[in-house]
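Visitor: Residue numbers (this note's numbering): 20 to 327.
Beta carbons: idealized from backbone N, C-alpha and C, even for Gly.
These numbers come from a predicted model, not from an experiment.
Structure below; questions to follow.
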């Protein structure tokens, strides 16, 4: 089964992308995609007018941030398939068919991997290192290697994106989409795409501030997807803190100096850390039971068809 171009909405969130948005929309139209939606974040450089003149449908988002643009667009899009990419010219329309092809094979979410072969100058060393660290963190926290969770080039079915509970307003939205895809058991695949050097627009991403937010999002969302990791980290740090105090208490005791309050604090911290860790273990067991119950309910609702 192939995905027809008329079934696809090309979705482009923008904010001050005047140098690139016109050519981007035109190239998609030249490739035969008639439905192009630009969700603009109140640009001040004429981006909406340029996109509209090139043939796109333009809407202005009410909230701020890329996350809100995606959340608001989900209610507007009426095509069964969506191809999403940034409007800054770093992603190529030539990869559109490659991104959409897995949807025709039954996949629900496709991530374009920028990290395989980026164009020279597309990434700074700091950005490349940050992406690798965050992807490693995601793999550990959520148990799935998606190669490039921060990629802005994605293809998905409208049903799968509406299945997600999206709340993040900013650049953390890609991370949340990856987490929700894993949490909902969606069929996800990764395809390599070209990542081009930024052709003239200024990046809105702050490597340190947004990197910390994304790191925090990965960890925070693990609470519902991998509770043993989330609570285990908390319990480990509390127990380690108690252990450090305990070492000090023992060393002082060997000098015939007693610290009764610190001894009590040590026992409390180690006990509390262990209890929090065990809470994570119990939560993980309950989550596994919930997933198995959900899977069985889905099987009852959609029984396999008998062979002909």
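Identify which residue in 217, 245, 288 and 31 has its Cα closest to the Cα of residue 141.
Guide: Translated into positions along the chain shown, residue 141 becomes position 122. Among 217, 245, 288 and 31, the Cα nearest to that of residue 141 belongs to 217.
Visitor: Can you check which of these residues, 157, 177 and 193, is closest to residue 170 by C-alpha distance?
Guide: The residue given as residue 170 occupies position 151 in the chain shown. Comparing Cα-Cα distances from residue 170 to each of 157, 177 and 193, the minimum goes to 193.
Visitor: Measuring CB to CB, does residue 207 end up less than 8 Å from residue 126?
Guide: The count along the chain shown starts at 1 and reaches residue 207 at position 188. The count along the chain shown starts at 1 and reaches residue 126 at position 107. In contact: residue 207 and residue 126 (Cβ atoms closer than 8 Å).
Visitor: Measuring CB to CB, does residue 53 end up less than 8 Å from residue 25?
Guide: As a first step, residue 53 is located in the chain shown; it is residue number 34 there, counting from the start. As a first step, residue 25 is located in the chain shown; it is residue number 6 there, counting from the start. Their beta carbons are under 8 Å apart, which means residue 53 touches residue 25 by this criterion.
Visitor: With residue 75 as the anchor, note down where its beta strand (DSSP E) starts and where it stops.
Guide: The residue labelled residue 75 in the question sits at position 56 within the chain shown. No beta strand (DSSP E) holds residue 75; DSSP gives it neither H nor E.
Visitor: Which whole-angstrom value describes the C-beta separation of residue 289 and residue 261, a residue pair presumed to lie in contact below a C-beta threshold of 8 Å?
Guide: Position 270 of the chain shown, counting from 1, holds the residue named residue 289. Position 242 of the chain shown, counting from 1, holds the residue named residue 261. Yes, residue 289 and residue 261 are in contact; Cβ-Cβ is about 4 Å, under 8 Å.
Visitor: Skipping 5 residues on each side, what residues in its chain have a beta carbon closer than 8 Å to that of residue 118?
Guide: Here residue 118 refers to the residue found at position 99 when the chain shown is read from its first residue. The residues 102, 129, 131, 172, 173, 174, 210 and 212, in chain order, have a CB closer than 8 Å to that of residue 118 in the same chain once the five nearest residues on each side in sequence are set aside.
Visitor: Using the Cβ count rule (16 or more neighbours within 10 Å means buried), how would you classify residue 161?
Guide: Position 142 of the chain shown, counted from the first residue, corresponds to residue 161. With 16 or more other Cβ atoms within 10 Å, it is buried.
Visitor: Leaving aside the five residues before and after residue 240 along the sequence, list all residues of the same chain whose C-beta is less than 6 Å from its C-beta, in chain order.
Guide: In the chain shown, the residue the question calls residue 240 occupies position 221. For residue 240, where only same-chain residues beyond five positions count, the Cβ hits under 6 Å are 198.
Visitor: Per the DSSP calculation, residue 100 is bridged to which residue(s)?
Guide: As a working mapping, residue 100 is identified with position 81 in the chain shown. Residue 100 pairs with 27 and 176.
Visitor: Is residue 161 helix, strand or coil by DSSP?
Guide: As a first step, residue 161 is located in the chain shown; it is residue number 142 there, counting from the start. If DSSP states are grouped into helix, strand and coil, residue 161 belongs with the helices.
Visitor: State the DSSP-derived secondary structure class of residue 208, mapped to helix, strand or coil.
Guide: The residue labelled residue 208 in the question sits at position 189 within the chain shown. Of the three classes helix, strand and coil, the one that applies to residue 208 here is strand, per DSSP.
Visitor: What are the partner residues of residue 55, as DSSP defines its beta bridges?
Guide: Here residue 55 is taken as the residue at index 36 of the chain shown, counted from 1. Paired residues: 29.
Visitor: Quick one: Cα of residue 244 to Cα of residue 274, how far?
Guide: On the chain shown, residue 244 is found 225 positions in, with the first residue counted as 1. On the chain shown, residue 274 is found 255 positions in, with the first residue counted as 1. Computed Cα separation, rounded: 48 Å.
Visitor: Three or more beta-carbon pairs under 8 Å between the segment 39-48 and the segment 89-99, yes or no?
Guide: no
Visitor: Alpha carbon to alpha carbon, how far is residue 259 from residue 64?
Guide: Within the chain shown, numbered from 1, the residue matching residue 259 stands at position 240. Within the chain shown, numbered from 1, the residue matching residue 64 stands at position 45. Their Cα atoms are separated by approximately 53 Å.
Visitor: So residue 108 and residue 43 are supposed to be a Cβ contact under 8 Å. How far apart are they, rounded?
Guide: By one-based count along the chain shown, residue 108 stands at place 89. By one-based count along the chain shown, residue 43 stands at place 24. Sure, about 6 Å apart at Cβ, within 8 Å.
Visitor: Looking only at DSSP bridge pairs, what is residue 131 linked to?
Guide: Position 112 of the chain shown, counted from the first residue, corresponds to residue 131. Looking at the DSSP assignment, residue 131 forms a beta bridge with 210.
Visitor: Work out the CA separation of residue 295 and residue 249 for me, nearest whole Å.
Guide: The residue labelled residue 249 in the question sits at position 230 within the chain shown. The residue labelled residue 295 in the question sits at position 276 within the chain shown. About 10 Å.
Visitor: Between 61, 270, 87 and 115, which has its C-alpha nearest residue 100's C-alpha?
Guide: Residue 100 sits at position 81 when you count from the first residue of the chain shown. Among 61, 270, 87 and 115, the Cα nearest to that of residue 100 belongs to 115.
Visitor: Quick one: give me the first and last residue of the alpha helix (DSSP H) that residue 143 is part of.
Guide: By 1-based counting over the chain shown, the position of residue 143 is 124. Taken as a continuous stretch (DSSP letters only), residue 143 belongs to no alpha helix (DSSP H), as it is neither H nor E.
Visitor: For residue 265, which residues from the same chain have a beta carbon less than 6 Å from its beta carbon, with the 5 sequence-adjacent residues on both sides left out?
Guide: Along the chain shown, read from residue 1 onward, the residue named residue 265 stands at position 246. Cβ neighbours of residue 265 beyond the five flanking positions: 285.
Visitor: Which stretch, first to last residue, makes up the alpha helix (DSSP H) that contains residue 46?
Guide: Here the question's residue 46 lines up with position 27 in the chain shown. 37-49 is the span of the alpha helix (DSSP H), which, as asked, contains residue 46.
Visitor: State the CB to CB distance for the pair residue 76 and residue 55, rounded to an integer number of angstroms; the pair is presumed to be in contact (CB under 8 Å).
Guide: Position 57 of the chain shown holds residue 76. Position 36 of the chain shown holds residue 55. Between residue 76 and residue 55 a beta carbon distance of about 7 Å is seen, short of the 8 Å cut, so the two are scored as contacting.
Visitor: If you count every other CB in all the chains shown that lies within 10 Å of the CB of residue 201, and 16 or more means buried, which is it?
Guide: To locate residue 201, count along the chain shown from 1; it is residue 182. With 16 or more other Cβ atoms within 10 Å, it is buried.
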